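Residue numbers (our numbering): 1 to 133.
Structure, as structure tokens:
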Ligand SMILES: [Zn+2]
């Protein structure tokens with residue numbers, strides 16, 4: 001049900017945005033999904049399509065994009081991505097996608113080995129672009 005709540009929030013935000021700009025139609029909405037986000041893309045896509053039909057302001061199209069996660073070490077400032085990390089099994093990768101909170105358990109800075117890093121990108125869901133008609 002997480003995906004449905006999210007889809008509702010997206011549609012609501014887009015409708016409010018369109019109204020605030022006096023637009024009567026939305027051509028395109030690009031939604032960015034963080035790599036570290038336990039969201040079922042299929043369900044979200046389905047929910048958006050369903051809600052789109054009942055939207056008070058017509059929305060022509062939703063586009064879902066994935067945003068790659070980027071990490072930054074607080075000790076040395078190094079930035080890296082999940083694909084830069086060797087030695088992570090497929091199982092761990094899946095686990096990180098499914099439960100993003102575990103990322104600090106499995107990852108260390110590839111340069112200095114510090115476990116003290118932040119997630120700079122790739123977390124959460126955001127509306128990246130709205131094209132009004
Ligand atoms: Zn480091």
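We put the CB at the ideal spot given by N, CA and C, even for glycine.
All of these numbers come straight from a predicted model, not from anything done at the bench.
Pairwise C-alpha distance: residue j and residue i
{"i": "residue 70", "j": "residue 55", "result": "34 Å"}
{"i": "residue 98", "j": "residue 15", "result": "30 Å"}
{"i": "residue 96", "j": "residue 64", "result": "20 Å"}
{"i": "residue 114", "j": "residue 57", "result": "49 Å"}
DSSP three-state assignment for residue i, whether helix, strand or coil
{"i": "residue 85", "result": "coil"}
{"i": "residue 48", "result": "helix"}
{"i": "residue 108", "result": "coil"}
{"i": "residue 138", "result": "The requested residue 138 does not occur in the structure, where the chain is confined to residues 1 to 133."}
Contact set for residue i: own chain, Cβ-Cβ below 8 Å, skip 5 residues either direction
{"i": "residue 123", "result": "34, 36, 37, 69, 100"}
{"i": "residue 78", "result": "72, 109, 110, 111, 112"}
{"i": "residue 121", "result": "34, 67, 68, 69, 70"}
{"i": "residue 92", "result": "106"}
Own chain partners of residue i with C-beta closer than 6 Å, once the 5 adjacent residues on each side are dropped
{"i": "residue 133", "result": "25, 27"}
{"i": "residue 80", "result": "71, 110"}
Three or more C-beta pairs under 8 Å: does that hold for the region 105-119 against the region 1-20?
no
Which ranges would you report for the beta strand (DSSP E) in the region 18-83 if only whole runs of at least 3 residues count?
26-34, 62-67, 70-73, 79-81
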